[in-house]
Amino acid sequence: MHEQSLFASVPVHQHHELLQQLAGLTAMQPRHCLERRLIFKAYRKPGMAGRIGASQDLQQGDLQRLNKMLNGNMYYTQVVGPVSESDFGSTAPVDQDTQMAGMDDSKPYDPSSPSYDYERQPWKLEFRDIPEAGTRSAVTSRLMSSATLPRGDVVEAMNAWGYHFITEYVVEGDMFVLNDIAIFLHRVLHYPGGDESNLPRRQLPALKDMALFEKSGSYVLQAFTIVQDGSNQETMKTASQHLFGLREQLKSAVLLEQADRLSLDTRAK
Amino acid sequence: MPITGVYFIPSNPNASTALPVITERIRAAFPNEELTPIGRWGLEQKLLRDTQGLLPSSNSNKKPSNPRYMQFLSLTHYPTHGFIYTSEPEKPIPAPNQNPNQAVPGPANAIAPDHSPSPPMVMTTIPPSSYGTLFQHFTYACQPFWSHRLTLTVPNGIVYEVGDFRVRLGDVRQTFPTARVRGTVVEIEWCGPSVVEAIPVDREDGSFDVGVGAGGDCDVDVGGVGIDLASSAIEESDIDAEYAATASLIREFWGRLGVEAREAILIPNVGREVKDRLRRWKKAGSGADTKVDRTGSVVGERAEEDPDPWSGADVARQFMEVLRFNR
Chain A
-6 MHEQSLFASV PVHQHHELLQ QLAGLTAMQP RHCLERRLIF KAYRKPGMAG RIGASQDLQQ
54 GDLQRLNKML NGNMYYTQVV GPVSESDFGS TAPVDQDTQM AGMDDSKPYD PSSPSYDYER
114 QPWKLEFRDI PEAGTRSAVT SRLMSSATLP RGDVVEAMNA WGYHFITEYV VEGDMFVLND
174 IAIFLHRVLH YPGGDESNLP RRQLPALKDM ALFEKSGSYV LQAFTIVQDG SNQETMKTAS
234 QHLFGLREQL KSAVLLEQAD RLSLDTRAK
Chain B
102 MPITGVYFIP SNPNASTALP VITERIRAAF PNEELTPIGR WGLEQKLLRD TQGLLPSSNS
162 NKKPSNPRYM QFLSLTHYPT HGFIYTSEPE KPIPAPNQNP NQAVPGPANA IAPDHSPSPP
222 MVMTTIPPSS YGTLFQHFTY ACQPFWSHRL TLTVPNGIVY EVGDFRVRLG DVRQTFPTAR
282 VRGTVVEIEW CGPSVVEAIP VDREDGSFDV GVGAGGDCDV DVGGVGIDLA SSAIEESDID
342 AEYAATASLI REFWGRLGVE AREAILIPNV GREVKDRLRR WKKAGSGADT KVDRTGSVVG
402 ERAEEDPDPW SGADVARQFM EVLRFNR
């Protein structure tokens, strides 16, 4: 799958107005979204790459193929889970049995105090490649994939798959849909109190305690279409033309443009 | 989740498939059973291996390390999810932000202690829509450490019902990297009454469905057998005993056929999900009200909800055990 996008920066004072405009344009109410985003980095044993010297066991062609494979790119990838406002600042479900390693999901529940249960958090693995270089089209185009993961703690599986947890943040925003274009007006929130945790949080702090990543409070407007078959030039072209159409419609309000390719580099060095 | 056993008969130059032999032996051993196929089944497995084993230096200079595997398996009799079984990292990952709590793999398994030389493995189940996506992700974005080695399929398996057992037979074909015949695989499923089936499946909202889905699709009606136990009546040791007892029934069944094969029944971690489910059930039973109301949270994301994401994990392990060819 390919994702084609255009981006715009939206100052905080314009946010409310733009929400109205987008609601009018798309004829829908904004769908408010809160997402936990965990960042994982591909891990490889040190000293693996570049260790292949000449060997009688291998043909030259095999060696080249192997070298290419082993020195291929590795990536950061995100694990994204939707959360609700009531999950923030709530306590973990009442549960004394902390020794239990498996999923503890059903337990006495007091409806007056909402609880956030990390063991039941749904997740998706969201991979984005570095945007394609040298495309003539003026949109950001990148290979992507999105796959549902099991609920609960993903760290054990991710470790086994070769990824380790780096850090996490939260995205808050509003989603609109216009034909084949999704419009996401959002900003990044950081957790308060530094980043000492080596594991995803099991509880979320109060939403008002979350710190703005961009201190001015400005938002990012991302308009994107997802093309199932990125090798089909025809559909790719259609998708970018639709994006350009949206750019024209919003021209008086915001300037949608291609993002800097290297700022969206997901490769792990 | 029914208790099963899996057997694999590698092909040899004289006989590429053991299918006719096994069918004939079943007919001979159970003359009173009407041996007509009741269905079809299929399987696909993709085996990935860590790239370290590919390096020529690793087999000359130093002691070869235990290979690590990632296995993708889909079974037509568990259509709601695919299975991914992955070797754990050998040691805690030397990440800059290393965490000591992470190293503990999971509860030791009393059914079959892990004596295998390869590292323990992590089971994950994912919806079918994600199965191919994740596989592509690993072959694209993880090339430096995962390498796709094999794809095996059972394209045209046959299902028989023999007494209290359901038997799935099929020829295993390798489709990647080259097409060839690998052998014959047999799954034997116990369809009789079982304590394991009496543990209800918990739903997504945390409540428990007593009797629903527990019997699988076996015709032998588990609900009608009259196993109706309180959660307090079943202990984990009962599950171990149940697995051991059923394993001997399956072995006895297989023994009557007299075919030599690689067996996977009481392999490491078999029964783990059943025990987890029992623990959850006990926990729910101890609380007064088991209803967990999480209304309003991301309804749209629940579209592809799996009623029992862990069903079939045991048989998936068994298939992957016999089909984990070392290459």
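Protein chains in written order, with the working numbering: chain A, -6 to 262; chain B, 102 to 428.
For glycine and all other residues, C-beta sits at the position ideal for the given N, C-alpha and C.
Just so it is clear, the structure is predicted and the values come from calculations on it, not from any experiment.
| Check | Outcome |
| --- | --- |
| Could you work out which residue in A:Arg29, A:Arg260, A:Pro75 and A:Lys61 is closest to leucine 182 of chain A when comparing CA atoms only? | A:Arg29 |
| Report buried or exposed for arginine 373 of chain B, applying the criterion of at least 16 other Cβ atoms within 10 angstroms of its Cβ. | buried |
| Skipping 5 residues on each side, what residues in its chain have a beta carbon closer than 7 Å to that of leucine 120 of chain B? | Leu270, Asp272 and Thr285 |
| I want to see whether chain B comes within less than 8 Å of threonine 128 of chain A, judged by CB atoms only; does it? | no |
| May I ask you to list the residues that DSSP assigns as paired with threonine 181 of chain B? | DSSP lists no partner for threonine 181 of chain B. |
| Where does glutamine 89 of chain A land, buried or exposed, given buried means 16+ other C-beta within 10 angstroms? | Confidence is the limiting factor: at glutamine 89 of chain A the pLDDT is only 44, short of 50, which leaves the residue's position unreliable, though a coordinate-based value still follows. Classification for glutamine 89 of chain A: exposed. |
| With a threshold of 16 other CB atoms inside 10 Å of the CB of glutamate 402 of chain B, please say whether the residue is buried or exposed. | Summary for glutamate 402 of chain B: the model assigns pLDDT 45, below 50, so the residue's position carries little reliability; its value from the coordinates is reported in the next sentence. Exposed, by the Cβ-count rule. |
| At least one CB of chain A closer than 8 Å to the CB of threonine 234 of chain B: is that the case? | yes |
| Beta carbon of arginine 24 of chain A, beta carbon of methionine 168 of chain A: below 8 Å? | yes |
| Could you give the DSSP three-state label for lysine 384 of chain B: helix, strand or coil? | helix |
| Would you mind working out which of B:Pro408, B:Leu367 and B:Val297 sits nearest aspartate 303 of chain B, comparing C-alpha positions? | B:Pro408 |
| Do you know how far the Cα of glycine 386 of chain B is from the Cα of threonine 279 of chain B? | 53 Å |
| Starting from threonine 133 of chain A and walking both ways along the beta strand (DSSP E), at which residues does that stretch end? | 133 to 142 |
| Identify the residues that DSSP records as bridge partners of valine 273 of chain B: which are they? | B:Gly284 |
| Just to confirm before moving on: does the CB-CB distance between leucine 11 of chain A and valine 247 of chain A stay below 8 Å? | yes |
| Considering only C-alpha positions, which residue in the set B:Gly356, B:Leu367, B:Ala331 and B:Ile259 is nearest to arginine 380 of chain B? | B:Ala331 |
| Tell me the rounded alpha-carbon separation between asparagine 427 of chain B and isoleucine 366 of chain B. | 20 Å |
| Quick one: residues in its chain with C-beta nearer than 6 Å to the C-beta of threonine 254 of chain B, no 5 flanking neighbours on either side, listed in chain order? | Glu145, Arg274 and Thr276 |
| Does the separation of the CB atoms of glutamate 27 of chain A and serine 83 of chain A fall below 8 Å? | Sequence inspection shows leucine at residue 27 of chain A; the glutamate mentioned does not correspond to that position. Going by C-beta atoms, leucine 27 of chain A is not nearer than 8 Å to serine 83 of chain A. |
| Determine, using beta carbons only, whether isoleucine 289 of chain B and threonine 105 of chain B come nearer to each other than 8 Å. | yes |
| At the 8 Å Cβ level, is phenylalanine 246 of chain B part of the contact set with chain A, yes or no? | yes |
| Between which two residues does the beta strand (DSSP E) holding proline 229 of chain B run? | Proline 229 of chain B -> not in any beta strand (DSSP E); alpha helix (DSSP H) instead, spanning 229 to 242. |
| Who are alanine 175 of chain A's beta bridge partners in DSSP? | A:Val170 and A:Phe217 |
| What does isoleucine 227 of chain B reach in chain A if we use C-beta pairs closer than 8 Å? | Ala140, Thr141, Leu142 and Pro143 |
| First and last residue of the beta strand (DSSP E) that includes glycine 74 of chain A? | 67 to 76 |
| Determine the direct distance from the alpha carbon of alanine 362 of chain B to that of phenylalanine 158 of chain A, and round the result to whole angstroms. | 42 Å |
| Between the alpha carbons of glycine 166 of chain A and proline 75 of chain A, how many angstroms are there, rounded? | 12 Å |
| Looking at the strands, I want to know which residues DSSP matches up with glutamate 145 of chain B. | B:Ser175 and B:Thr254 |
| Return the CA-CA distance between arginine 128 of chain B and valine 268 of chain B, expressed in angstroms with no decimal places. | 12 Å |
| At a CB distance below 9 Å, what residues from the region 276 to 303 of chain B approach chain A? Give them in sequence order. | Asp303 |
| Can you pull the chain B neighbours of phenylalanine 120 of chain A, defined as C-beta to C-beta under 7 Å? | His238 and Ala242 |
| Does valine 416 of chain B have its Cβ less than 8 Å from a Cβ in chain A? | no |
| Can you find at least 3 beta carbon pairs, one from the region 244 to 258 of chain A and one from the region 218 to 231 of chain A, that sit closer than 8 Å? | no |
| Is there a Cβ from chain A that is less than 8 Å from the Cβ of threonine 177 of chain B? | no |
| Mark histidine 6 of chain A as exposed unless 16 or more other C-beta atoms lie within 10 angstroms of its C-beta, in which case mark it buried. | exposed |
| I'd like to check one pair, leucine 148 of chain B with arginine 250 of chain B: are the Cβ atoms closer than 8 Å? | yes |
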